[in-house]
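Asks: Residue numbers for the sequence shown follow my numbering, so the first one is 540 and each next one is one higher.
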Amino acid sequence: MLEIPDLTGRTVVVTGANSGTGKEATRRLAGAGATVVMAVRTPEKGEQARSEIRAGLPDADLQVRRVDLADLASIADFADGLVADGTPIDLLINNAGVMAPPRRLETADGFELQFGSNFLGPFALTLRLLPLLLEAGGARVTTMSSGVSHMGRIDVDDLQWQRKRWSPMRSYAQSKLADLMFSLQLARIATERDLDLVSNAAHPGFTRTNLQTAGANLGRATPKRRQSLMFSLVPSQSVGPGTEPLLHAATSPIAGSGSYWGPGGFASLIGPTAVSRIPRHALDEQVAARLWTTAEELTGVTLDAAVRPRA
C-alpha cells in the first residue's frame, strides 16, 4: 500500500467522493491529514460517505459540497463558493464519471452525456479552480482516465455523436481519451507559461466499483447479472488496490507532470502501480490543441481568464 506523505494543512478537492475510488481516495487523503472537499452530485450520499469515513477516522476534516459535472451552472456555483472562501487548493482530483448509459443522453447544457460529464465538466472545473491552485504553489491536478482510452478516437468535428451512430462504449472511450489528452495538454501549458502546477493522470485498471453498476440512475435497471458475469470472466480488483494509481499520481513526488499511472499487472487490469503506456494517438499535440480550444468554446471557460492576475 502506498505511503501517502503528511498532508496536514493541505486542501484537496475530490469529485465523485461519495463512492468507489473517490470515496477511497477521500478516506486515505483525510487519513494523511488533508482537508478534503467532497464534491458530489447528491449531498445526501456525500453526507453518508462522510459519516462512514469518520466512523474509522473521527478527526477527518471533510466538507461535503454539491457539484453536478453535467451542468455548467452547477460547476460555476461550486467553484465560486470555493473562490469566495479564498483557501488555496493544493490538489484537485478529477475522479467522477459516468459510463455507458443505455442510450444517447444529454447534459443540462445539451452535450452528449459522457463527453459532457466526463470531459467538459472536469475541464471547466479545473480552469475555474486554477486561480486557487496557482495560489497554493506546487499544486497538482490529477485526472482519472481509463484503460479504454486506447480504444478512443477524438473526432473533433463530431464530438457530440450527432452525425455518426452513437455507441455507449465508443463514446465512453472517447471521453476518457479526452481526459488523458486534457491532462497532458495542461502539463504542456504549465511548462510553456511557467505555471507552478503539476498535471498528471491515472487509470484504475478493471476495478469493481459502482461505475459499472449505477445504470439505474441513467434510466435502466442495475445490470447485476451481466456485471457478475463480466467480473467472473475478466481479472478485476477491489476498490482499495484500484485507487492506488490515482493516489500515487496525486501524492507521490515521482509522479511528475505529464505522467500516467495504472496497474502494472495482467493487461494493465490489475496489480501494483506502474507507469502506464500512453496511447500514441493521445500524444497528438495538434488534436489536443483543437480539443482544448473546442472545450473553451463549448464551456465558455478559458485559460486566459483563469490565469489572469486577480484584482
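Even glycine gets a Cβ: it sits at the ideal position worked out from N, Cα and C.
#1: Looking at the strands, I want to know which residues DSSP matches up with G801.
#2: So, helix, strand or coil for V846, using DSSP?
#3: Rounding to the nearest angstrom, what Cα-Cα distance links G754 and V637 in this structure?
#4: What does the Cβ neighbour count give for V695, buried or exposed, with the cut at 16 atoms within 10 Å?
#5: Please return the same chain residues whose Cβ sits closer than 6 Å to the Cβ of A845, not counting the five positions on each side in sequence.
#6: Could you tell me which of L719, N657, L736 sits nearest to A828, measuring between CA atoms?
#7: Assuming D610 contacts A647 under a Cβ cut-off of 8 Å, what Cβ separation, rounded to an integer in Å, is found between them?
#8: Does the beta carbon of G801 sit closer than 8 Å to a beta carbon anywhere in chain C?
#9: What first and last residue would you give for the beta strand (DSSP E) that runs through S738?
#10: Would you check if the distance between the CB atom of T565 and the CB atom of P627 is smaller than 8 Å?
#11: Across which residues does DSSP place A678 in a beta bridge pair?
#12: Going by C-alpha distance, which of V553, A639, Q699 is nearest R679?
#13: What separation, rounded to the nearest whole angstrom, lies between the Cα atoms of S791 and G620?
#14: Runs of 4 residues minimum, wholly inside the segment 606–677: which ones carry the alpha helix (DSSP H) assignment?
#15: When DSSP labels each residue in this structure, what does A573 get in the three-state scheme?
#16: Using 8 Å as the cut-off, can you tell me whether the segment 775–782 makes contact with the segment 704–722, which would need three or more C-beta pairs spanning the two stretches below that distance?
#17: In whole angstroms, what is the alpha-carbon distance linking D600 and Q701?
#18: Taking the straight line between their C-alpha atoms, what separation do you get for D624 and T547?
#19: Over the uninterrupted alpha helix (DSSP H) stretch that includes T782, give me the two end residues.
#20: In whole angstroms, what is the alpha-carbon distance linking E835 and P811?
#21: Taking just the CA atoms, how far does A556 sit from A788?
#22: Report the rounded CA-to-CA distance for Q825 versus T838, giving the unit in angstroms.
#23: Going by beta carbon distance, what residues of the same chain come within less than 6 Å of M769, once the five residues before and after it are set aside?
#24: Among all the DSSP beta bridges, which residues are the ones paired with Q602?
#25: Are A729 and S815 closer than 8 Å when you measure CB to CB?
#26: For the alpha helix (DSSP H) that T833 lies in, which residues bound it at each end?
Replies: Reading off the structure:
#1: Taking the first residue of the sequence shown as position 1, residue 801 is located at position 262. DSSP lists A813 as partners of G801.
#2: What you label residue 846 is simply residue 307 of the sequence shown in a count that begins at 1. Three-state result, V846: coil.
#3: For the purposes of this step, residue 754 is identified with residue 215 of the sequence shown, where counting begins at 1. For the purposes of this step, residue 637 is identified with residue 98 of the sequence shown, where counting begins at 1. Below a pLDDT of 50, predicted positions are generally treated as unreliable, and G754, at 41, falls in that range; the measurement from the model is reported next regardless. Their backbone Cα atoms lie some 9 Å apart in a straight line.
#4: Here residue 695 refers to the residue found at position 156 when the sequence shown is read from its first residue. V695 is exposed by the Cβ-count criterion.
#5: On the sequence shown, residue 845 is found 306 positions in, with the first residue counted as 1. Cβ neighbours of A845 beyond the five flanking positions: L666, L669.
#6: To locate residue 828, count along the sequence shown from 1; it is residue 289. Closest option to A828, Cα to Cα, is L719.
#7: As a first step, residue 610 is located in the sequence shown; it is residue number 71 there, counting from the start. As a first step, residue 647 is located in the sequence shown; it is residue number 108 there, counting from the start. Rounded, the Cβ-Cβ distance is 4 Å, consistent with contact.
#8: Judged by its chain identifiers, the structure shown contains no chain C, having just a single protein chain.
#9: Looking up residue 738 in the sequence shown gives position 199. Note, S738: beta strand (DSSP E), 736–741.
#10: By 1-based counting over the sequence shown, the position of residue 565 is 26. By 1-based counting over the sequence shown, the position of residue 627 is 88. Contact flag unset, no.
#11: In the sequence shown, the residue the question calls residue 678 occupies position 139. Per DSSP, L736.
#12: Sequence index remark: in the sequence shown, residue 679 carries index 140 (1-based). R679 has its Cα closest to that of V553, out of V553, A639, Q699.
#13: To locate residue 791, count along the sequence shown from 1; it is residue 252. To locate residue 620, count along the sequence shown from 1; it is residue 81. So the two alpha carbons sit approximately 29 Å from each other.
#14: 611–624, 660–675
#15: In the sequence shown, residue 573 corresponds to position 34, counting from 1. In the structure shown, A573 sits in coil (DSSP, three-state: anything other than H, G, I, E or B).
#16: no
#17: Residue numbering aside, residue 600 sits at position 61 when the sequence shown is read from its first letter. Residue numbering aside, residue 701 sits at position 162 when the sequence shown is read from its first letter. The alpha-carbon atoms of D600 and Q701 are separated by roughly 44 Å.
#18: Along the sequence shown, read from residue 1 onward, the residue named residue 624 stands at position 85. Along the sequence shown, read from residue 1 onward, the residue named residue 547 stands at position 8. Taking the straight line joining both Cα atoms gives about 19 Å.
#19: Position 243 of the sequence shown holds residue 782. Where T782 is concerned, the enclosing alpha helix (DSSP H) stretches over 778–790.
#20: Counting from 1 along the sequence shown, the entry for residue 835 is found at position 296. Counting from 1 along the sequence shown, the entry for residue 811 is found at position 272. Using only the alpha carbons, I get a separation of about 36 Å.
#21: Taking the sequence shown and counting its residues from 1, the one referred to as residue 788 is at position 249. Taking the sequence shown and counting its residues from 1, the one referred to as residue 556 is at position 17. Approximately 17 Å, taken between the alpha carbons.
#22: Counted from its first residue, the sequence shown places residue 825 at position 286. Counted from its first residue, the sequence shown places residue 838 at position 299. Those two C-alpha atoms are separated by around 20 Å.
#23: Indexing the sequence shown from 1 puts residue 769 at position 230. Because M769 carries a pLDDT of 48, less than 50, the predicted location of this residue cannot be relied on, and the following value inherits that uncertainty. Once the five neighbours on either side are set aside, M769 has no close Cβ partner at all.
#24: Reading the sequence shown from its first residue, position 63 is the one you call residue 602. BP columns for Q602 point to V576.
#25: By 1-based counting over the sequence shown, the position of residue 729 is 190. By 1-based counting over the sequence shown, the position of residue 815 is 276. For A729 and S815, no; Cβs fall outside 8 Å.
#26: Taking the sequence shown and counting its residues from 1, the one referred to as residue 833 is at position 294. From DSSP, the alpha helix (DSSP H) with T833 extends over 824–838.
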